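To start, the structure itself, in structure tokens.
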Ligand SMILES: [Fe+2]
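In our numbering, the protein residues as written are 6 to 335.
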């Protein structure tokens, strides 16, 4: 059975207008029961991490979609439609079950999700009897997108007066009271939000973007594409690679230009999840910037202004970026 029971067209206008939408009973009960049962299993035996990968943060677990739910199409399509995001580049970047502690504080300062969470989706799973647990949102204020890779980096980048508890102090939030089986969708990287009175509640959080960005390596397609890329690199000749399409790895989450204390000599470094950072030349930086829309190696070289007959000389540079898993040959 499909996870979602709603018609996306019914919610497009509301999401576009408000930046969030609350879809009551948007999840099929049978699927909800499955996720609830899985959540109980993992909380009953928190040391048994064979089935559920522990993701560093306490009581946060990776959720695997059963094959019969027709993942990813049946999950991605309705959500991309409601948010008017292109399905072709729609990428999942988180799929966590989060179980809030008994001792979770009733209120903490609101936050923005990481840059990859253009769209955040919450599906409440459990809520204690009489719980006041609800989502607070500021959908009309301080909407600049968090361009950084974590919530914490965004907060530490702000001056005192720009911290959300100061900037939003006099603005009443929207309060959304959700029940198990509802779906709440909002622009997570731009809208300040938080869950109040979350003690003992559990939710499935799914996060998405249309940027092909997967910094936690949680979209199952990311690893498959990386494997395909390494296979292409080992099997194809330089000439064949010229006509191969490439994409920046969804796991490449940052390129930094450092000014070192060696007389401010510049160093450019690329960061790929679970890999060692590596140095990047100015030419390689331009390659990453041009690797859009599944362009071929040959097209990218042409866009760099290099004459066609010389293109073959640049294939080793592309091979290097592929071997370092910063560029995918697809
Ligand atoms: Fe969040």
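Note that the Cβ used here is the ideal one computed from N, Cα and C, for glycine as well.
Predicted model, so just to flag it, every value in this text is computed and none were measured.
Residues that residue i bridges to, as DSSP identifies them
i: residue 142; result: 179 and 198
i: residue 284; result: 274
i: residue 150; result: Its beta-bridge partners do not exist; DSSP assigns none.
i: residue 99; result: 212
i: residue 268; result: Residue 268 is not bridged to any residue.
i: residue 207; result: 104 and 131
i: residue 252; result: 333
i: residue 189; result: 27 and 127
Three-state secondary structure (DSSP) of residue i
i: residue 325; result: helix
i: residue 31; result: coil
i: residue 169; result: helix
i: residue 297; result: coil
i: residue 65; result: strand
i: residue 129; result: strand
i: residue 57; result: Residue confidence is low: residue 57 scores 40 on pLDDT, short of 50, so the model does not pin down where it sits. No coordinate-derived value is stated.
i: residue 229; result: helix
i: residue 105; result: coil
i: residue 80; result: helix
i: residue 20; result: helix
i: residue 113; result: coil
i: residue 52; result: With a pLDDT of 49 at residue 52, under the threshold of 50, the predicted position of this residue should be treated as unreliable, though the coordinate-derived value follows. DSSP places residue 52 in coil when its eight states are reduced to three.
i: residue 120; result: coil
i: residue 93; result: helix
i: residue 309; result: coil
i: residue 8; result: coil
i: residue 257; result: strand
i: residue 262; result: strand
i: residue 38; result: helix
i: residue 222; result: coil
i: residue 241; result: coil
i: residue 318; result: helix
i: residue 13; result: helix
i: residue 184; result: coil
i: residue 163; result: coil
i: residue 366; result: Because the chain here runs from 6 to 335, residue 366 falls outside it and cannot be looked at.
i: residue 137; result: coil
Exposure of residue i, with buried meaning 16 or more beta-carbon neighbours within 10 Å
i: residue 263; result: exposed
i: residue 217; result: buried
i: residue 266; result: exposed
i: residue 310; result: exposed
i: residue 25; result: buried
i: residue 277; result: buried
i: residue 100; result: buried
i: residue 200; result: buried
i: residue 113; result: exposed
i: residue 92; result: exposed
i: residue 274; result: exposed
i: residue 234; result: buried
i: residue 342; result: No answer is possible for residue 342: it lies beyond the span of the chain, which begins at 6 and ends at 335.
i: residue 207; result: buried
i: residue 72; result: exposed
i: residue 289; result: buried
i: residue 231; result: buried
Check: residue i C-beta below 7 Å from any heavy atom of ligand 2
i: residue 206; result: For the structure depicted, ligand 2 is absent and the ligand set comprises only ligand 1.
Contact with chain C by residue i, beta-carbon distance below 8 Å
i: residue 200; result: Of the chains in the structure shown, none is chain C; there is only one protein chain.
Exercise for the section: State whether the region 193 to 206 contacts the region 109 to 127, with contact taken as three or more CB pairs (one from each stretch) at a distance under 8 Å. Expected result: yes
Practice task
Check whether the region 63 to 70 touches the region 175 to 193, taking contact to mean three or more Cβ pairs, one atom from each stretch, closer than 8 Å.
Solution key: no
Problem - Any 3 or more C-beta pairs closer than 8 Å across the region 9 to 24 and the region 84 to 96 - result: yes
Handout entry: Three or more C-beta pairs below 8 Å linking the region 285 to 299 and the region 247 to 254
Key = yes
Handout entry: Cβ contact check for the region 174 to 181 and the region 134 to 141: 3 or more pairs under 8 Å
Key = yes
Problem - Any 3 or more C-beta pairs closer than 8 Å across the region 144 to 159 and the region 167 to 178 - result: yes
Practice task
Decide if the region 128 to 137 is in contact with the region 216 to 230; the criterion is three or more beta carbon pairs, one per stretch, under 8 Å apart.
Solution key: no
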